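**Student:**
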Amino acid sequence: MRKSRNRYGLRSGVGLAAPQINISKRMIAVLIPDDGSGKSYDYMLVNPKIVSHSVQEAYLPTGEGCLSVDDNVAGLVHRHNRITIKAKTSKVMIYSYD
Numbered sequence: 008m009r010k011s012r013n014r015y016g017l018r019s020g021v022g023l024a025a026p027q028i029n030i031s032k033r034m035i036a037v038l039i040p041d042d043g044s045g046k047s048y049d050y051m052l053v054n055p056k057i058v059s060h061s062v063q064e065a066y067l068p069t070g071e072g073c074l075s076v077d078d079n080v081a082g083l084v085h086r087h088n089r090i091t092i093k094a095k096t097s098k099v100m101i102y103s104y105d
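Anchor point for the sequence shown: position 47 equals 54 in my numbering, and the numbering is continuous, going up by one each time.
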């Protein structure tokens with residue numbers, strides 16, 4: 008994962024889907040930033056599936072950015088405030104992330 012983070016320039020709170028880098032697989036790389044505890048987390052998830060989500064929606068009031076467009080993009084993208092994902096990791100174990 009660290010190689011992927013460095014190679015594709017993942018930043019805190021940024022995800023990267025395999026099709027964005029021309030890989031026809033259901034995979035995402037996610038970097039979750041330090042929450043003040045001194046720990047950050049990175050995951051490479053295979054076949055991720057959203058198994059539940061909150062009713063409450065959220066958005067970034069300043070717009071969103073992505074790896075292909077490094078600047079904030081005008082407009083609000085409504086998303087679920089919270090999701091739970093079930094996925095496999097590179098260690099072929101199945102996890103549920105909340």
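Just so it is clear, CB atoms sit at the ideal spot from N, CA and C, and this is done for glycine as well. Note that the structure is a prediction, hence the values are computed from the model and not measured.
1) Could you spell out where the beta strand (DSSP E) holding K56 opens and where it closes?
2) Once you ignore the five residues that flank S59 on each side, which residues in its own chain have a CB closer than 8 angstroms to its CB?
3) Given a threshold of 16 other Cβ atoms within 10 Å of its Cβ, counted over all protein chains shown, does V84 qualify as buried or as exposed?
4) Using a 10 Å radius around the Cβ and a threshold of 16 neighbouring Cβ atoms, would you call G65 buried or exposed?
5) What separation, rounded to the nearest whole angstrom, lies between the Cα atoms of D41 and D49?
6) Quick one: grab the DSSP three-state call for I92.
7) Can you pull the DSSP bridge partners for R86?
8) Using DSSP's beta-bridge definition, name the partner residues of A24.
**Tutor:** Let me spell this out:
1) Y48 to H60
2) I90 and T91
3) Residue environment analysis places V84 among the exposed positions, since fewer than 16 neighbouring C-beta atoms fall within 10 angstroms of its C-beta.
4) Per the sequence shown, the amino acid found at residue 65 is Ala instead of Gly. When all chains shown are included, A65 counts as exposed.
5) Cα-Cα distance, rounded: 11 angstroms.
6) Here I92 sits in strand by DSSP.
7) A65
8) I35
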